[in-house]
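The structure under discussion appears below in the form of structure tokens.
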Amino acid sequence: MDATIFFQQLINGVSVGSLYALVAIGYTMVYGILRLINFAHGDLLMFAAYAAIYGIAIFSLPWYVSFPLAVLITGALGIILDRVAYRPLRDAPRISLLISAIGASFLLENLALVIIGGVPKGFPRPDVFGKVIDIWGLRVQVLTVYTPIITLLLLMGLLYVVYRTKVGKAMRAASKDFETTRLMGINLDRVIAITFLLGSSLAAAGGLMWAMKYPQVNPFMGVFPGLKAFIAAVLGGIGNIIGAVIGGFLLGLGEILIVALVPGLAQYKDAFAFIVLILVLLFRPTGIMGEPIIDKS
Amino acid sequence: MSKARRDQLLSVLGILVLFSVLYLFQLFGTDYQIRILNNMAIFITLAVSYNLVNGICGILHLGPNAFITVGAYTSALLTMSAAEKQASFIIEPLIWPLSVLHAPFVVSLLAGGILATLFAYLISYPVFRVRGDYLAIVTLGFGEVVRVLCNAFQTVTNGPLGLKGLQPHTNLWWSWGVAVLTIILITKLINSSYGRAMKAIRDDETAARAMGVDPFRHLLLAFLVSAFFSGVAGGLLAHLITTISPTLFTFFLTFNLLMMIVVGGLGSTTGAVLGAALFAWGGEALRVVENPINLGVIRIPGIPGMRMVIFSILLMVVIVFARRGIMGRKEFSWEWLIGKFSKSPTGGSSVAS
Amino acid sequence: MHGFFETKNLTMQFGGLVAVSSFSLRLEQGELVGLIGPNGAGKTTVFNMITGALAPTAGHVYWQEQEITGLPLNQVAARGIARTFQNIRLFVDMTVLENVMVSFHHKIPTMFWECMLDLPRARRTEEQIKRESMELLQELGLAHLAHEKAGSLPYGQQRRLEIARALATRPRLLLLDEPAAGMNPLETMDLAQLVSDLRARHSLTVLLIEHDMKFVMRLCERIKVLDYGVTIAEGTPAEIQSNSEVIKAYLGDI
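Protein chains in written order, with our numbering: chain A, 44 to 340; chain B, 7 to 359; chain C, 398 to 651.
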């Protein structure tokens with residue numbers, strides 16, 4: 044293959060990977076504390092994208108107001124999701140919690156379908172992100188370069204919260220031992236709400252960049268990025284934030300590069316992530332950085 | 007007369023009544039009613055076999071759509087004649103020997119069941135290495151992989167075009183015959199020593215193992231039995247709607263099945279039957295919300311997708327506020343029915359014994 | 398070579414923590430041996446390693462002259478080693494009778510399809526399991542509760558049901574994990590009588606963990622004492638009662 048195309052794909056892979064990473068962080072944080080796969084997490088991408096579109100189209104907000112607003116609203120939706128669908132089931136069997144999550148996911152998707160309709164909407168990408176620049180002879184959209192940078196900045200912010208603040212400390216304690224943390228008088232519901240807020244906001248940021256990259260916004264646009272980000276979280280070692288980021292980058296790169304190297308596999312692209320998942324669970328269920336997940340008791 | 011004997015007689019009687027009613031529908035019912043009844047029977051078969059895995063064994067398996075797909079395609083490819091296949095596969099021809107194989111409907115149904123079982127067996131090793139949420143996501147993954155493969159393997163599945171113009175073999179006798187058979191066989195299994203072992207695994211896997219129960223073998227058994235009947239139902243479905251394509255067997259199908267067994271009561275076969283019947287009937291009744299309503303003066307436009315919104319809310323309300331669904335883990339019994347109808351304290355059960 | 402049952406240098410490490418170190422024990426057929434020690438001494442961990450719930454970091458378990466180290470829980474049970482759980486783990490949603498019937502499952506001759514087709518052999522097997530389960534319940538004084546939900550039983554009877562369920566696997570070695578926990582002195586004395594009766598009737602070998610010293614001293618022929626995962630004494634009840642190490646371990650603990 045042409046070296047130029049290869050590097051082009053490499054950059055593309057890093058960019059997609061960083062989006063998976065952003066979304067994977069939310070999965071891994073919620074899983075760390077609640078031991079729940081938040082099925083509705085992927086749909087937050089879709090929600091954020093629509094929120095930004097309406098901010099710009101209806102309220103005529105400039106993008107640098109509309110985008111952060113969309114992130115905040117999505118964060119709030121994360122908290123509402125927890126309050127409505129998960130908090131009432133804290134002491135219920137895990138299977139109920141997961142079914143509730145699946146229900147929430149379908150509800151968000153179909154509400155969007157009912158309210159907005161199934162016709163894909165174009166995403167108003169700000170011109171600053173659309174420029175094409177030249178790096179060492181490669182023609183690259185600036186968005187592709189900005190995405191990993193924004194991801195890393197957000198990650199640093201998150202790590203600061205998790206490792207340097209009191210609430211972060213409570214989060215880490217809760218993911219180590221939920222019951223003891225509850226007994227120690229920490230307000231777990233608040234900690235969980237903040238976890239959802241952070242995870243959902245990151246997913247929203249991912250969603251906005253996703254929508255700029257693939258400017259076709261529809262009610263089901265979050266499903267596949269969501270599933271793949273979850274797989275990225277498992278690959279990296281669920282419950283581990285750095286692991287989720289590494290998993291995201293690896294999955295994004297792998298997916299893009301496999302198609303670039305063997306074009307015949309393009310139609311199997313969406314199955315690639317699941318095969319990775321099955322292989323990880325078979326051979327290294329702990330993921331790259333994580334703790335054991337095979338829980339047979 | 008012993009109670010067991012009495013219950014057996016009543017059950018036979020019940021089945022006779024059911025088929026008499028079906029016969030009346032066959033004679034006097036509209037096409038629309040018959041279609042709903044066929045749907046109902048197929049949903050019952052699917053829900054009862056899905057409940058065996060999710061309700062009785064207590065694991066969250068999210069890939070029944072894969073079994074249904076395998077069953078539907080297998081069965082359809084067997085009943086289509088060589089000429090029909092040639093006419094359908096316009097982009098890439100069907101590979102030999104599938105292109106010439108032809109079998110009667112009943113054989114095609116069995117083959118669908120067997121292939122679905124085989125598929126379940128192939129994926130069982132990675133699936134049952136994990137539990138809980140992971141098992142859910144792995145099975146969901148296999149469901150998606152099957153769909154991707156259906157789109158990709160054009161020489162077997164005809165890709166996105168799917169298979170069209172199947173013979174409408176499925177009628178009330180086939181669909182309800184299979185449904186009744188499924189209910190009987192799976193109920194027998196659940197009430198046997200094997201079913202007890204499955205419930206023990208659901209309640210406490212470690213304790214069950216300490217009593218000598220091998221979880222892998224029993225989860226696998228439930229998985230395979232469930233796959234078989236789902237595969238057969240897939241064949242029935244294919245020959246009911248006569249056109250199948252990969253879009254028919256997405257996660258939506260799994261979601262609907264999950265909703266049926268949750269609303270009916272996870273772990274109850276009776277609940278699965280009720281859930282499926284309600285879904286088949288309610289799903290049709292709810293079509294009104296998606297169709298435009300004419301109130302003479304004003305016209306309310308239909309809202310596509312509204313049914314799924316209602317279904318998702320229903321699922322969440324049930325799981326959050328009434329986790330046990332309609333039946334909980336209880337089952338229908340003639341004893342209970344007789345108790346309902348005999349008001350006097352000495353009636354019913356005491357007479358029977 | 399290894400006798401009826403033997404563990405050799407069983408060791409369990411969790412991370413850097415040594416829960417049990419070099420636990421060696423030989424049991425002769427028909428013995429009744431007690432395993433005692435302060436809380437957290439690693440007694441239940443020993444049970445978990447013997448039954449296969451935990452794979453030991455090092456060491457061996459021999460049973461009937463065969464090594465069974467690291468075999469899965471269910472296979473160990475099928476070979477005739479049954480256990481009860483300290484923190485009662487019944488199948489709470491099933492009836493008392495069904496709880497016991499589950500334990501017969503691993504050796505039924507019928508195949509699943511015989512059950513699905515309701516063939517005569519399946520029915521006969523089911524009847525037989527039911528009869529034998531009722532006999533066991535009778536023996537443990539639970540027969541009148543056969544159709545109650547296991548979870549609705551009072552504490553003492555749940556402990557008895559645990560024993561009935563373990564016996565139903567038809568074991569030759571029975572491991573009892575604190576069978577008297579939470580019982581009053583009267584119930585405890587009844588239980589001691591029951592255990593010694595069961596041992597005789599079912600020709601069992603029993604290894605038990607218990608905190609109630611009166612119970613242990615009265616019942617056991619031999620006692621082994623663990624402290625912080627290390628065996629500190631072994632001998633007859635009389636020897637143990639006068640052992641200075643043991644007294645120190647217990648008094649130091651209080």
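Cβ atoms here follow ideal geometry from the backbone N, Cα and C, with glycine treated the same way.
For residue i, which of helix, strand or coil comes out of DSSP?
i, result
"C:Asp624", "strand"
"B:His245", "helix"
"B:Pro132", "helix"
"C:Leu424", "strand"
"A:Lys209", "helix"
"A:Asp45", "coil"
"B:Phe235", "helix"
"C:Glu636", "helix"
"B:Gly277", "helix"
"C:Ile505", "coil"
"B:Ile21", "helix"
"A:Met332", "coil"
"A:Ile138", "helix"
"A:Ser340", "Per-residue confidence for A:Ser340 stands at a pLDDT of 32, beneath the threshold of 50, marking its modelled position as unreliable; no derived number is given."
"C:Val521", "The residue asked about is misnamed: residue 521 of chain C is Arg in this sequence, not Val. Three-state DSSP puts C:Arg521 in a helix."
"C:Tyr459", "strand"
"C:Thr408", "strand"
"B:Arg223", "helix"
"C:Ala690", "Since the displayed chain C opens at 398 and closes at 651, residue 690 of chain C lies outside it and no answer follows."
So, for residue i: in the same chain, excluding its five sequence neighbours on each side, which residues have a beta-carbon less than 8 Å away from its beta-carbon?
i, result
"A:Ala236", "Ile122, Asp125, Arg126"
"C:Leu494", "Lys527, Ser530, Met531, Leu534, Ala543, His544"
Can you list, in chain order, the residues of its chain with a C-beta nearer than 6 Å to that of residue i? Leave out the 5 residues immediately preceding and following it.
i, result
"C:Val415", "Gly626"
"C:Val603", "Leu429, Leu571, Arg596"
"C:Ala452", "Gly467"
"C:Ile606", "Leu432, Lys440, Asp574, Glu575"
List the residues of chain B whose Cβ lies closer than 8 Å to the Cβ of residue i, in chain order.
i, result
"A:Pro169", "Near A:Pro169 there are no residues of chain B at all, since even the closest Cβ is about 31 Å away, more than 8 Å."
"C:Leu470", "Thr212, Arg215, Ala216"
Spatial neighbours of residue i within its chain, please: CB distance less than 7 Å, with the 5 preceding and 5 following residues excluded, ordered by chain position.
i, result
"A:Val205", "Gly211, Met214, Arg215, Ile284"
"B:Gly334", "Gly271, Ser274"
"B:Leu259", "Asn71, Ile74"
"B:Ala286", "Ile42, Asn45, Met46, Phe49"
"B:Asn164", "Ser94, Phe95"
"B:Val59", "Ile65, His67, Ala228, Phe229, Ser232"
"A:Ile116", "Ala94"
"C:Val497", "Ser530, Leu533, Leu534, Ala561, Arg562, Ala565"
"B:Gly149", "Leu68, Gly69, Asn71, Ala72, Phe257, Thr260"
Using a cut-off of 8 Å between C-beta atoms, extract the partners of residue i located in chain C.
i, result
"B:Val279", "None at all; the shortest Cβ gap to chain C is about 18 Å."
"B:Arg202", "Met491, Glu495, Met498, Val499, His502"
Taking the continuous beta strand (DSSP E) assigned at residue i, which residues delimit it?
i, result
"C:Leu588", "Note, C:Leu588: premise wrong, no beta strand (DSSP E); alpha helix (DSSP H) at 582-598."
"A:Asn230", "Note, A:Asn230: premise wrong, no beta strand (DSSP E); not H, not E."
Taking only beta-carbon atoms, is residue i less than 8 Å away from chain F?
i, result
"C:Phe509", "The structure shown contains no chain F; its protein chains are A, B and C."
If the cut is a Cβ gap below 9 Å, which residues of chain C does residue i touch?
i, result
"B:Ala72", "Under the 9 Å cutoff, chain C gives no residues; its nearest Cβ is about 22 Å from B:Ala72."
Considering just the uninterrupted stretch of the alpha helix (DSSP H) at residue i, what are its terminal residues?
i, result
"B:Met322", "312-327"
"B:Tyr79", "70-85"
"B:Glu337", "First-last for B:Glu337: undefined, no H or E at that position."
"B:Gln39", "37-57"
"A:Val183", "Run containing A:Val183: none in the alpha helix (DSSP H); it sits in the beta strand (DSSP E), 181-184."
What in chain C is Cβ-close to residue i, meaning under 7 Å?
i, result
"B:Asp210", "Arg486, Phe488"
Anything in chain B within Cβ reach of residue i, meaning under 7 Å, just list it in chain order.
i, result
"C:Arg562", "Met217"
"A:Phe317", "Gly147, Glu150, Val151"
"A:Gly146", "Ser318, Leu321, Met322, Ile325"
"C:Ala416", "Ordered by position in chain B, no residue passes the 7 Å Cβ test against C:Ala416, which lies about 18 Å from the chain."
Going along chain A, which residues have a C-beta under 7 Å from residue i?
i, result
"B:Gly311", "Asn153, Leu156, Val157"
"B:Arg329", "Ala135, Ser139"
Could you tell me if the beta carbon of residue i falls within a distance shorter than 7 Å of some heavy atom in the ligand FMN?
i, result
"C:Arg480", "This structure lacks the ligand FMN; in fact it carries no ligand of any kind."
(request) Using a Cβ-Cβ cut-off of less than 7 Å, give me the residues of the segment 490-504 of chain C that come near chain B, in sequence order. (result) Listed in sequence order: Asp490, Met491, Glu495, Met498, Val499, Ser500, His502, His503.
(request) Note down, in chain order, all residues in the segment 172-195 of chain B with a beta-carbon under 7 Å from any beta-carbon belonging to chain C. (result) Listed by position, the residues of the segment 172-195 of chain B near chain C (Cβ gap below 7 Å) are Leu191, Lys194, Leu195.
(request) Give, in chain order, every residue of the segment 512-532 of chain C whose Cβ lies closer than 8 Å to some Cβ of chain B. (result) Those residues of the segment 512-532 of chain C that come within reach of chain B (Cβ to Cβ, closer than 8 Å) are Cys512, Met513, Leu514, Asp515, Ala519, Thr522, Glu523, Ile526.
(message) Any C-beta of chain A within less than 8 Å: which residues of the segment 156-167 of chain B qualify?
(response) Within the segment 156-167 of chain B, Asn157, Ala158 place their CB atoms closer than 8 Å to a CB of chain A, listed in sequence order.
(request) Quick one: which residues of the segment 215-227 of chain A get their C-beta closer than 7 Å to a C-beta of chain B? List them in chain order. (result) Per Cβ criterion, the list is empty.
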